[in-house]
Ligand SMILES: Cc1cc2nc3c(=O)[nH]c(=O)nc-3n(C[C@H](O)[C@H](O)[C@H](O)COP(=O)(O)OP(=O)(O)OC[C@H]3O[C@@H](n4cnc5c(N)ncnc54)[C@H](O)[C@@H]3O)c2cc1C
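Residue numbers (our numbering): 60 to 438.
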C-alpha cells in the first residue's frame with residue numbers, strides 16, 4: 060500500500076470516522092483510507108465475544124443505542140437490525156436494590172412509605188423548598204437542593220466521588236442541570252427516547268458493514284502524526300485528540316478513564332440485569348456489567364455461565380473516556396481548536412477532537428452533517 064494515494068484519509072475508525080468513510084465511498088465514489096491506532100475497528104463502541112462463555116461484551120463499557128433522531132435511526136438501520144432491549148439501571152446499597160433514576164418505587168422503598176405520585180412529590184418538595192433561592196457553589200449543594208440530603212447521600216454522593224475522583228463539594232455545580240427524579244413507577248432509563256436497542260449481531264458487525272465498499276481501506280496499529288507518510292488528494296479527517304496532534308503545546312487535556320475487571324461465573328444469572336450501580340465508597344468499583352442481559356434473544360442467554368465486568372473509574376490520559384470539562388480544560392481546548400483550524404486540507408470531529416461527551420446518535424448525526432459540508436467542497 061506504500062504508493063497508495065487515497066482521496067481522503069480518515070484517522071480513527073469509531074462512528075465519526077466510519078460513517079464519513081461510508082458516505083464518501085458510497086455516495087461520492089471516493090477512495091478512502093482509514094488509519095486506526097488500535098488493532099480493531101469501532102472505536103469505543105467495539106464489541107467482542109468472550110471465548111470461554113461465548114458471551115458478547117462491549118470492551119469499553121456497556122453501550123445502549125438510543126435515539127429520537129429519525130434520520131440517524133433510518134441511516135443506522137441500513138447496517139444492522141436491533142433487538143428489543145430496554146435499558147434499566149439499578150443501584151445496590153447495603154445489599155438492597157433500588158431503581159435508578161430515582162423514581163416512586165425508589166422513594167417508597169428507601170423511606171419505607173407507600174406514597175402516591177402526588178404525595179411523593181410533596182414529600183420531596185418539603186425537603187428541598189428551603190434551598191429554592193440559594194446560589195449554589197458546588198455539585199453537592201445543587202444536588203441536595205434538588206432531591207434532598209438523604210437520597211443524595213445514599214445514591215449520588217459516593218458514586219460521584221468515585222466517578223470523578225473528587226469530593227462532590229469540590230466539583231463545579233455546572234456538571235449537571237437537573238438530577239433526574241420521577242414520581243412514577245416508570246423504570247425505562249431512556250423513557251423519552253423514541254428508539255432503543257442493541258445491534259442484533261453486535262456493534263462490531265455495524266462497523267464491518269459501514270466499510271464494506273472496496274474503495275475503503277483500513278490500516279490498524281497506525282498512529283497519526285501531522286507528518287504522516289501518506290498524503291491524501293483532498294482532505295484528512297482527524298477524529299483523535301487535538302492536544303497530542305499538536306504536541307501538547309498548550310498542555311494536556313484531562314480525561315477520566317475506566318478500568319475493567321472481568322470475572323466468569325458458573326451461574327445462569329449473577330445480578331438479573333445488565334448494569335448495577337454501586338454508590339457506596341467501600342466498594343471500589345462504580346458498576347457491575349453483566350452483558351448477557353443485553354441479548355435475551357440469544358441462545359447463550361440460557362446457558363449456565365455468565366461474564367461479569369466490574370468498572371473502576373481512574374485518571375488516565377492514555378484511554379480517554381470522559382472529558383473533565385472544567386474552565387481550564389475548555390480554555391486549552393479552544394486554543395487547540397484555533398490552531399487545528401489553520402492546518403491545510405484538514406478537518407476534525409468526533410468526541411476526542413471536540414473534547415466532548417457525545418452519545419452514538421449525536422456522533423452519527425454530526426458525521427452525516429459533516430459529510431454534507433465536505434461534499435460541496437470536493438465534488
Ligand atoms: C463508558 C462509555 C459508555 C458509553 N455508553 C454509551 C451508550 O450507552 N449509548 C450511547 O449512545 N453512547 C455511549 N457512549 C458514547 C460513545 O462511545 C461515543 O458516542 C462514540 O464512541 C464516539 O465515536 P467517535 O468516533 O467520536 O470516537 P471513538 O469511538 O473514540 O473513535 C475514535 C477512534 O480514533 C482512534 N484514534 C485516536 N487518535 C488516533 C491517532 N492519532 N491515530 C490513529 N487513530 C486514532 C481511536 O483509537 C478510536 O478508535 C459511551 C461512552 C463511554 C465513554
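Positions of the beta carbon are idealized from the N, C-alpha and C atoms, including for glycine.
Taking 8 Å as the upper bound for CB-CB distance, residue 289 and residue 134 are not in contact here, some 29 Å apart. Excluding the 5 residues flanking it on each side, residue 276 has same chain C-beta neighbours closer than 6 Å at 92, in chain order. In the three-state reduction of the DSSP assignment, residue 262 falls in the helix class. Cβ contact annotation for residue 89 (same chain, cutoff 6 Å, sequence separation greater than five): 66, 67, 83, in chain order. Counting every other CB atom within 10 Å of its CB across the protein chains shown gives residue 353 a total of 16 or more, marking it as buried. Residue 348 has 334, 368 as its beta-bridge partners, per DSSP. Remark: the C-beta of residue 125 is in contact range of ligand 1, defined as less than 8 Å to any heavy atom.
Within the model, the alpha-carbon separation for residue 122 versus residue 413 is close to 20 Å. One thing to note: residue 192 has its Cβ no nearer than 9 Å to the Cβ of residue 246. Between ligand 1 and residue 313, a heavy atom-to-CB distance of less than 8 Å is absent. Per DSSP, residue 395 lies in no beta strand (DSSP E) segment; the continuous alpha helix (DSSP H) that holds it begins and ends at 386-399. For residue 282, the shortest separation between its Cβ and any heavy atom of ligand 1 lies below 8 Å. With a cutoff of 9 Å on beta-carbon distance, residue 323 and residue 112 are scored as near each other. Ranked by Cα distance from residue 349, the options 339, 343, 378, 319 are led by 319. Here residue 406 is near residue 295, since their CB atoms are less than 9 Å apart. Looking from the CA of residue 184, the closest CA among 316, 242, 297, 364 belongs to 242. In terms of Cα proximity to residue 213, the closest of 151, 411, 234, 360 is 151.
Sorting 293, 367, 178, 372 by C-alpha distance to the C-alpha of residue 437 places 293 at the top.
Secondary structure of residue 302 (DSSP, three-state): helix.
Sixteen is the threshold: since fewer than 16 other Cβ atoms of the shown chains lie within 10 Å of the Cβ of residue 363, the residue is exposed. Taking the CA atoms as reference points, residue 203 sits about 38 Å from residue 142.
The bridge partners DSSP lists for residue 151 are 156. In this structure, the C-beta of residue 95 approaches ligand 1 to less than 8 Å from one of its heavy atoms. Sixteen is the threshold: when 16 or more other Cβ atoms of the shown chains lie within 10 Å of the Cβ of residue 334, as they do, the residue is buried. Taking the Cα positions, residue 250 is about 12 Å away from residue 148. In chain order, 197, 199 place their CB closer than 6 Å to the CB of residue 228, counting only its own chain and leaving out the 5 sequence neighbours on each side. For residue 70, the shortest separation between its Cβ and any heavy atom of ligand 1 lies below 8 Å. Beta-bridge partners of residue 295 (DSSP): 68, 405.
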